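Just below is one structure, and these are the notes that go with it.
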Amino acid sequence: MDQSGAKLLPFYLVIDVSVSMSSSGKLDAANAIMPAIVDALAQNPILSDKVRFGLIDFSDHAEVRLPLCDLLDPKLALPALAVRGGTSYGAAFTTLRHEIEANVAQLKADQYVVHRPAVWFISDGEPTDDQSSWRAAFADLTSSKVYPNFIPCGVDMANTTVLGSLIHPSNGPKQMALYMMEQGFDPAAAITGIAEILISSMIQSGYSLAGGNTGTILPSKSNLPPGIQQFDPADFV
């Protein structure tokens, strides 16, 4: 399909479905994210020509639950997330890298102009795989030619320092940020809040792209939902 230079911004939601996600309504909140994104796109149909979305879940292993697609495709059926196993960050990063590399190559072959992907990574706990292994997988992801803008998000028992180390880029004019649940806040409500931030970013970034600009736009700290705190890379220096 020759798209003659049409511009696209890929988004990926990478979400933890380890056993701990079965508590406190977290899984239900996670399953509400994709329908909320579809509703937001339906209310901003101009963005359907600019935005593509993919879904990956992870536990002991990672699965592509929704290949990169147009979420307003009437034939699309959204998958339901279910809990399983542990929390392998390495599996998530490796599967994500393979997906992004394959997707970008195909989109470029179809004559799209592909802007840097944005990844929203949501976890409710610490990684259960070996640190050297998952850090190597993250290094491979972020050193890839088509590396993404990586926005980590944590709820419940997620480790702020660990997730803060995943902000990428962490310097320069287009650095990303970490979104964390405030201590004592409801984890399910925090997931819903993170979904609101994701959707706001998607809409702002999509309209920016339509206006001829580039880059992932994050909402300002003053517009964050209750119970969510933003950390910038400088907070971890």
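Under the working numbering, the first residue of the sequence shown is numbered 637, with each subsequent residue one higher.
Positions of the beta carbon are idealized from the N, C-alpha and C atoms, including for glycine.
Keep in mind that this is a model prediction, so the values were computed, not measured.
Query	Result
To the nearest angstrom, report how far apart Ile-853 and Gln-840 are at their CA atoms.	6 angstroms
From the DSSP secondary-structure annotation, give me the bridge partner or partners of Gly-790.	Ser-759, Met-816
Less than 9 angstroms between the C-beta atoms of Asp-635 and Leu-814, yes or no?	Shown here, the chain extends from 637 to 873; a query on residue 635 therefore has no answer.
Tell me the residue span of the alpha helix (DSSP H) that contains Leu-677.	669-679
Kindly indicate the opening and closing residues of the alpha helix (DSSP H) around Gln-742.	725-745
Determine the DSSP secondary structure at Gln-811, reduced to helix, strand or coil.	coil
I think Ile-651 touches Ile-803, with their Cβ atoms under 8 angstroms apart; what is that distance to the nearest whole Å?	Wrong, their Cβ atoms sit about 18 angstroms apart, outside the cutoff.
Should Val-653 and Ala-672 be called a contact, given that it needs their Cβ atoms to be closer than 9 angstroms?	no
I need the DSSP call for Tyr-648, collapsed to helix, strand or coil.	strand
Sorted by chain position, which residues of the same chain lie with C-beta nearer than 6 angstroms to Ser-658's C-beta, five sequence neighbours on each side aside?	Val-719
Arg-771 by DSSP, collapsed to three states: which one?	helix
What did DSSP end up calling Gly-842 once you bin it into helix, strand or coil?	helix
Where are the beta strand (DSSP E) runs, 3 residues long or more, that stay fully inside the region 674-724, in chain order?	687-694, 698-705
Tell me the DSSP secondary structure of Lys-781 in three-state form.	coil
In angstroms, rounded to a whole number, what distance separates the CA positions of Ser-649 and Asn-807?	A small correction: the amino acid at residue 649 is Leu; Ser does not occupy that position in the sequence shown. Taking the straight line joining both Cα atoms gives about 23 angstroms.
Please identify the residue among Glu-762, Pro-805, Thr-796, Val-791 whose C-alpha is closest to the C-alpha of Ala-824.	Val-791
Pairs of beta-carbons, one from the region 724-733 and one from the region 678-687, closer than 8 angstroms: are there three or more?	no
Met-816 and Thr-796 look like a contact to me (Cβ under 8 angstroms); what is the Cβ gap, rounded to whole Å?	5 angstroms
Evaluate the contact criterion for the region 745-754 versus the region 772-788: three or more CB pairs, one atom per stretch, below 8 angstroms.	yes
Does DSSP put Ile-609 in a helix, in a strand, or in coil?	Outside the displayed span of the chain (637 to 873) sits residue 609, for which this structure offers no information.
Roughly how many whole angstroms lie between the Cα atoms of Lys-643 and Leu-845?	8 angstroms
In whole angstroms, give me the CA-to-CA distance for Asn-739 and Gly-721.	27 angstroms
Just to confirm before moving on: does the CB-CB distance between Arg-701 and Pro-715 stay below 9 angstroms?	yes
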